[in-house]
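Sequence order for the protein chains is A and B. Take 8 as the starting number for the first sequence in my numbering and just add one per residue. Take 8 as the starting number for the second sequence in my numbering and just add one per residue. No residue lacks a Cβ here, since even glycine has one placed at the ideal position from N, Cα and C. For reference, the structure is listed below as structure tokens.
Number of protein chains: 2
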Amino acid sequence: MAERADATRNRRAILLAAERLLAERGVEHVSLDEVAAAAGVGKGTVFRRFGSRTGLMQALVDQRATAMTEAVAGGPPPLGPGAPPLERLIAFLDATMELATANVALIAAYEHAMTNEERTHSTRQASPLYQAWHQHVSDLIAQANPELDSELLSHILLGSLHSDLVRHLLLRGESQRLARTLRQLATTLLTTPPGTPLAGAGETE
Amino acid sequence: MAERADATRNRRAILLAAERLLAERGVEHVSLDEVAAAAGVGKGTVFRRFGSRTGLMQALVDQRATAMTEAVAGGPPPLGPGAPPLERLIAFLDATMELATANVALIAAYEHAMTNEERTHSTRQASPLYQAWHQHVSDLIAQANPELDSELLSHILLGSLHSDLVRHLLLRGESQRLARTLRQLATTLLTTPPGTPLAGAGETE
DNA sequence: TACTATCCGGACCGTCAGTCCGTCTAGGGC
DNA sequence: GCCCTAGACGGACTGACGGTCCGGATAGTA
Numbered sequence: 008m009a010e011r012a013d014a015t016r017n018r019r020a021i022l023l024a025a026e027r028l029l030a031e032r033g034v035e036h037v038s039l040d041e042v043a044a045a046a047g048v049g050k051g052t053v054f055r056r057f058g059s060r061t062g063l064m065q066a067l068v069d070q071r072a073t074a075m076t077e078a079v080a081g082g083p084p085p086l087g088p089g090a091p092p093l094e095r096l097i098a099f100l101d102a103t104m105e106l107a108t109a110n111v112a113l114i115a116a117y118e119h120a121m122t123n124e125e126r127t128h129s130t131r132q133a134s135p136l137y138q139a140w141h142q143h144v145s146d147l148i149a150q151a152n153p154e155l156d157s158e159l160l161s162h163i164l165l166g167s168l169h170s171d172l173v174r175h176l177l178l179r180g181e182s183q184r185l186a187r188t189l190r191q192l193a194t195t196l197l198t199t200p201p202g203t204p205l206a207g208a209g210e211t212e
Numbered sequence: 008m009a010e011r012a013d014a015t016r017n018r019r020a021i022l023l024a025a026e027r028l029l030a031e032r033g034v035e036h037v038s039l040d041e042v043a044a045a046a047g048v049g050k051g052t053v054f055r056r057f058g059s060r061t062g063l064m065q066a067l068v069d070q071r072a073t074a075m076t077e078a079v080a081g082g083p084p085p086l087g088p089g090a091p092p093l094e095r096l097i098a099f100l101d102a103t104m105e106l107a108t109a110n111v112a113l114i115a116a117y118e119h120a121m122t123n124e125e126r127t128h129s130t131r132q133a134s135p136l137y138q139a140w141h142q143h144v145s146d147l148i149a150q151a152n153p154e155l156d157s158e159l160l161s162h163i164l165l166g167s168l169h170s171d172l173v174r175h176l177l178l179r180g181e182s183q184r185l186a187r188t189l190r191q192l193a194t195t196l197l198t199t200p201p202g203t204p205l206a207g208a209g210e211t212e
């Protein structure tokens, strides 16, 4: 049997309430008791639906990221398939930056909740969303310049979108600056021809 | 009057106990009650000495980082003053990577505790240690290539040393890989001559 | 209407950071 | 050596929070 109507209604109410509270107060100033109260629902309901604090945050994040994930997989270029790797990478970084900027509080809450998880040394790298993004960026880098350590550079680029840094810059109104620098960085990396320092320097160990 | 002898003794005992427990159990599996008990001290003492969980973690981190900070400020080149910027930057990244690798658990505990702080939207960027390091890296970049957004690139480079990523790589035994890639990245950035894509691309907004 | 699979709510639990205050003592002054 | 007090000590206590549990309510079906 499908989900009961009241269950669906309550799940929506919880997501909505959580979203609102998270926006109003800062990260970590929202307890699940409060979310439940704001949603007009018992605390037990919240846990039955989402399993844990992390689960709730993950649901919220996924909700925001779905559109972009789909655009990447099958939308029109340059975000979707079809454009050259560098252009796709830049489009992806722009889109992700925008997403991260618009949802700092939420993402911070998610990342923080995650590090509290008991089982599984869960880090941000373990989240399905991160893995998908990492794979995508990694592929693009490898296509553009196979000599690079695409996997690692992908981690580094995505690291720039870590909630910490984005929040830090947002507080100073300098988030486009990050977007711009990222574009330049990506361009330099992918267009540096093989044989230049990047592929050979520092092999001292 | 200077600190009383028993106070000093207890502070040492607390730091020692915390260090040990943190190494034995993972991050976030050590409560301050336990630290106090292991140090043979009351919980009140822990708080009087360090103010909060974050304070204790910070003290531990500072303890580990002091040697390196001094080497950077006044030690022999290439870590200390005297060597060309790129060499200093590489030496610094190597040293920091080593530090980060050897103390992942501790640093993770510190960063995590920090995001729980009530007052002051404290992020990792707010810690004095991070600020000092950021300033240093930023200066080196600016010296080597004034056209770059040194401040931001410094954040990005330091972001690669975030406990999350380091832990992720350590679990796979691939931390030297990060060190190597960072060296290459730094080299590419600082030796890319002005006028190439890095300083001009992506100005679309 | 009757029945049941499913959901609901909120009391309850264990844990933990941080506070408070009565007691104790290190160590300077005499 | 003895006194005195600034400062340290410890551990009971508080408040908050994530997560669990189960008796009662209800949606949806026959």
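Spatial neighbours of residue i in its chain, beta-carbon cut-off 6 Å, leaving aside the 5 residues before and after
i: Leu136(A); result: Ala72
i: Pro92(A); result: Leu147, Gln150 and Ala151
i: Val34(B); result: Ala112, Ala115 and Ala116
Distance CB(residue i)-CB(residue j) smaller than 9 Å
i: His169(B); j: Arg131(B); result: yes
i: Ala80(A); j: Gly87(A); result: yes
i: Pro85(B); j: Ile97(B); result: yes
i: Leu100(A); j: Arg190(A); result: yes
i: Ala115(B); j: Thr122(A); result: yes
i: Gly180(A); j: Ile163(B); result: no
i: Leu196(A); j: Leu197(B); result: no
C-alpha gap between residue i and residue j, whole angstroms
i: Arg16(A); j: Glu77(A); result: 26 Å
i: Arg187(B); j: Thr194(A); result: 20 Å
i: Leu159(A); j: Arg11(B); result: 50 Å
i: Phe57(B); j: Ala66(B); result: 8 Å
i: Thr61(A); j: Val68(B); result: 28 Å
i: Asp171(B); j: Arg18(A); result: 31 Å
i: Glu31(A); j: Asn110(A); result: 13 Å
i: Arg55(B); j: Gln138(B); result: 26 Å
i: Ser59(B); j: Glu118(B); result: 13 Å
i: Leu178(A); j: Glu105(B); result: 31 Å
i: Ala24(A); j: Ala14(A); result: 15 Å
i: Asp156(B); j: Ser182(A); result: 13 Å
i: Gly209(B); j: Glu94(B); result: Note that Gly209(B) scores 41 on pLDDT, short of 50, meaning its location in the model is unreliable; the coordinates nonetheless yield the value given after this. When rounded, the distance between both Cα atoms is 29 Å.
i: Ala74(A); j: Glu26(B); result: 45 Å
i: Ala9(B); j: Gln70(B); result: 20 Å
i: Ser134(A); j: Glu124(A); result: 12 Å
i: Val173(B); j: Val173(A); result: 20 Å
Own chain residues within Cβ distance below 7 Å of residue i, not counting five before or after
i: Ser161(B); result: His141, Val144, Ser145 and Ile148
i: Lys50(B); result: Leu39, Asp40 and Ala43
i: Val48(B); result: Asn17, Ala20 and Ile21
i: Ala5(A); result: A question about residue 5(A) goes unanswered here, because the residues of chain A that appear run from 8 up to 212.
i: Ala120(B); result: Arg60, Thr61 and Met64
Start-to-end residues for the alpha helix (DSSP H) that takes in residue i
i: Asp40(B); result: Leu39 to Ala46
i: Asn17(B); result: Ala12 to Glu31
i: Arg179(B); result: Taken as a continuous stretch (DSSP letters only), Arg179(B) belongs to no alpha helix (DSSP H), as it is neither H nor E.
i: Gln142(A); result: Pro135 to Ala151
i: Asp69(A); result: Arg60 to Gly81
i: Gly51(B); result: Lys50 to Phe57
i: Ser161(A); result: Ser157 to Gly166
i: Glu118(A); result: Val111 to Asn123
8 Å Cβ shell around residue i - same chain, five flanking residues per side excluded
i: Val53(A); result: Ile21, Leu39, Val42, Ala43, Ala46 and Leu63
i: Leu29(B); result: Val37, Leu67, Ala112, Leu113 and Ala116
Residues bridged to residue i (per DSSP)
i: Ala90(B); result: Pro88(B)
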